[in-house]
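Structure, as structure tokens:
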Amino acid sequence: METGTPSLFQLVISITERCNLSCPNCYGKKEEPKSLSLHDINNLLENTKDMGIIDVSLTGGEPLLHEQITEIISLIGSYGYNVHLATNGTITPPQSLIDKILKDRIKISVQVAVYGHRDIHDAWVGLDGSYDTVLENISLLKNVNIPLSITFVATKENFHYIKSLSDPFNDLPININRHICNDKNLELTKEELREICDFVQENSGIRMFCEPLFNTLLIDKASEKLSGYDIRGGCIAGVASATLDPNKEVYPCPKLRISCGNISETPFLEIWQNSRILNMLRDRKNIKVCSDCLYRNVCGGCRASAYLKTGDYLAQDPQCWLK
4 METGTPSLFQ LVISITERCN LSCPNCYGKK EEPKSLSLHD INNLLENTKD
54 MGIIDVSLTG GEPLLHEQIT EIISLIGSYG YNVHLATNGT ITPPQSLIDK
104 ILKDRIKISV QVAVYGHRDI HDAWVGLDGS YDTVLENISL LKNVNIPLSI
154 TFVATKENFH YIKSLSDPFN DLPININRHI CNDKNLELTK EELREICDFV
204 QENSGIRMFC EPLFNTLLID KASEKLSGYD IRGGCIAGVA SATLDPNKEV
254 YPCPKLRISC GNISETPFLE IWQNSRILNM LRDRKNIKVC SDCLYRNVCG
304 GCRASAYLKT GDYLAQDPQC WLK
């Protein structure tokens with residue numbers, strides 16, 4: 004890769020828009036769902052193999068509904084990448100997939116979405132009994148020693164449940180992810196987000212996932228990491244990560260739905276190198292308010308939240324408690 008072009012640490016592939024649930028936070032389910040083919044994914048991996056990828060995350064929709072999920076995971080594993088499978092947990096992984104993972108020793112972890120206790124979870128996803136099915140599939144994967152974690156999407160309605168979340172999942176890592184939305188009944192206030200981050204900081208086994216603001220609590224003000232403008236953490240959208248959807252559109256991240264190009268028209272590497280959007284994200288001096296913030300190098304705010312709230316992906320994170 005050319006000198007000066009940042010490495011693509013994480014490639015997120017939304018392999019299908021098919022899903023069996025109706026979660027209000029979903030951005031990937033469509034009435035006429037499309038899916039990437041195995042051929043599409045093979046071409047993508049071949050064309051990005053020299054870009055420094057370490058992790059490939061599979062999302063949707065529900066990726067386990069893709070008809071070639073076993074072949075896709077096997078293909079990604081053949082490149083030596085870490086595979087992260089984000090699932091709603093209601094689809095039992097096919098035995099062929101489990102056998103392939105174990106036989107080929109594919110480096111995979113499965114992230115299961117949970118939204119609260121039984122009643123809250125079932126109401127959120129729109130399917131009675133889904134919580135119990137999630138528990139059954141978690142047990143199945145644990146029994147074959149496939150690494151698991153819980154992803155909890157925090158909203159105004161359910162964030163109080165975080166403090167008791169470890170009860171049914173006390174032997175699994177738990178990742179807290181804030182819900183990005185424009186609904187005041189669901190959107191966390193900056194005070195609520197800070198309360199969650201404070202709780203996570205004090206409890207092992209729970210961590211914030213894709214939460215740039217959390218870093219401001221971890222980094223000492225005297226740290227050398229805070230000097231200059233070199234990005235050393237925080238929001239990695241367009242900086243070290245990019246997302247491809249089933250329409251072959253490239254986005255900075257799954258939640259920042261602003262297209263940087265389409266690989267049917269422009270090679271992925273060219274988009275990664277030349278997209279004005281991606282290059283703007285790589286310089287925190289471009290981010291309003293963040294440019295003079297002490298924590299700009301390790302935070303940068305959530306660009307998806309800023310874009311959804313204001314229409315400007317370089318605006319201030321509306322849930323930032325520092326300004």
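For the sequence shown, the working numbering begins at 4 and goes up steadily by one.
Glycine is no exception: its CB is placed at the ideal position from the N, C-alpha and C atoms.
Comparing alpha-carbon positions, which option in the options lies nearest residue i?
i: Asn180; options: Asn173, Arg197, Leu221; result: Arg197
i: Met54; options: Lys258, Thr8, Leu78, His182; result: Thr8
i: Gly236; options: Ala245, Asp186, Leu221; result: Leu221
i: Pro270; options: Met283, Asn218, Val253; result: Val253
i: Asn173; options: Leu151, Asn161, Phe162; result: Leu151
i: Leu68; options: Gln98, Ile44, Ile18, Glu35; result: Ile18
i: Arg21; options: Cys29, Gln13, Glu205, Pro36; result: Pro36
i: Glu200; options: Asn188, His163, Lys187; result: Note that residue 200 corresponds to Cys in the displayed sequence, not to Glu. The candidate whose alpha carbon is nearest that of Cys200 is His163.
i: Asp286; options: Asp131, Cys238, Leu189; result: Cys238
i: Asp135; options: Asp248, Pro171, Lys145; result: Pro171
i: Lys327; options: Asn185, Leu14, Tyr30; result: Only positions 4 to 326 of the chain appear in the structure, and residue 327 is not among them; the question remains open.
i: Leu189; options: Leu14, Cys26, Gly63; result: Cys26
i: Ile153; options: Val117, Val147, Leu144; result: Val117
i: Asn265; options: Ser278, Leu272, Lys251; result: Lys251
i: Glu331; options: Lys187, Gly64, Asp58, Gly304; result: Absent from the structure is residue 331, since the part of the chain shown begins at 4 and ends at 326.
i: Ser133; options: Asn146, Val115, Gly314, Lys145; result: Val115
How many angstroms separate the CA atom of residue i from the CA atom of residue j?
i: Ile16; j: Glu70; result: 15 Å
i: Tyr298; j: Asp102; result: 45 Å
i: Asp233; j: Pro255; result: 19 Å
i: Leu138; j: Leu168; result: 13 Å
i: Tyr84; j: Ser112; result: 11 Å
i: Leu48; j: Tyr82; result: 8 Å
i: Leu281; j: Lys288; result: 14 Å
i: Leu216; j: Asn45; result: 36 Å
i: Arg260; j: Ser226; result: 33 Å
i: Thr6; j: Gln276; result: Any reading at Thr6 must be qualified, since the residue scores a pLDDT of 47, below 50, and its modelled position is unreliable; no value is offered.
i: Leu191; j: Ala157; result: 8 Å
i: Leu100; j: Ile75; result: 10 Å
i: Phe212; j: Ser267; result: 31 Å
i: Ile123; j: Ile149; result: 27 Å
i: Gln204; j: Glu214; result: 12 Å
i: Ile290; j: Ile274; result: 21 Å
i: Lys312; j: Pro321; result: 7 Å
i: Pro97; j: Gln319; result: 44 Å
i: Ser308; j: Ser262; result: 16 Å
i: Asn28; j: Thr51; result: 30 Å
i: Ser294; j: Leu229; result: 12 Å
Does the Cβ-Cβ distance between residue i and residue j come in under 8 Å?
i: Pro66; j: Thr95; result: no
i: Ile209; j: Ile177; result: yes
i: Cys302; j: Asn218; result: yes
i: Leu284; j: Gly241; result: yes
i: Val86; j: Lys106; result: no
i: Phe12; j: Ser244; result: yes
i: Val292; j: Lys326; result: yes
i: Leu78; j: Leu41; result: yes
i: Gly92; j: Ile141; result: yes
i: Leu88; j: Ile56; result: no
i: Pro249; j: Ser38; result: yes
What did DSSP end up calling residue i once you bin it into helix, strand or coil?
i: Thr6; result: Model confidence at Thr6 stands at a pLDDT of 47, short of 50, so the residue's coordinates are unreliable; what they give is reported in the following sentence. Thr6: coil per DSSP, three-state reduction.
i: Arg306; result: helix
i: Asp315; result: coil
i: Ser77; result: helix
i: Ile16; result: strand
i: Leu68; result: helix
i: Leu325; result: coil
i: Cys22; result: coil
i: Asp53; result: coil
Would you say the beta carbon of residue i is closer than 7 Å to some non-hydrogen atom of the ligand SAM?
i: Lys159; result: This structure lacks the ligand SAM; in fact it carries no ligand of any kind.
Using a C-beta cutoff of 8 Å, does residue i count as contacting chain C?
i: Gly63; result: Structure shown: chain C not included; a single protein chain is present.
Notebook entry, point to check: What are the uninterrupted segments assigned as beta strand (DSSP E) that are 3 or more residues long and contained completely in the stretch 89-161, given in chain order?
Noted result: 111-117, 151-157
Next item on the list: Just list the beta strand (DSSP E) runs in the stretch 210-290, keeping only unbroken ones of 3 residues or longer that don't cross its boundaries, in chain order.
Entry: 244-247, 252-254
Notebook entry, point to check: What are the start and end residues of each continuous alpha helix (DSSP H) run of 4 or more residues lying completely inside the stretch 163-208, in chain order?
Noted result: 193-204
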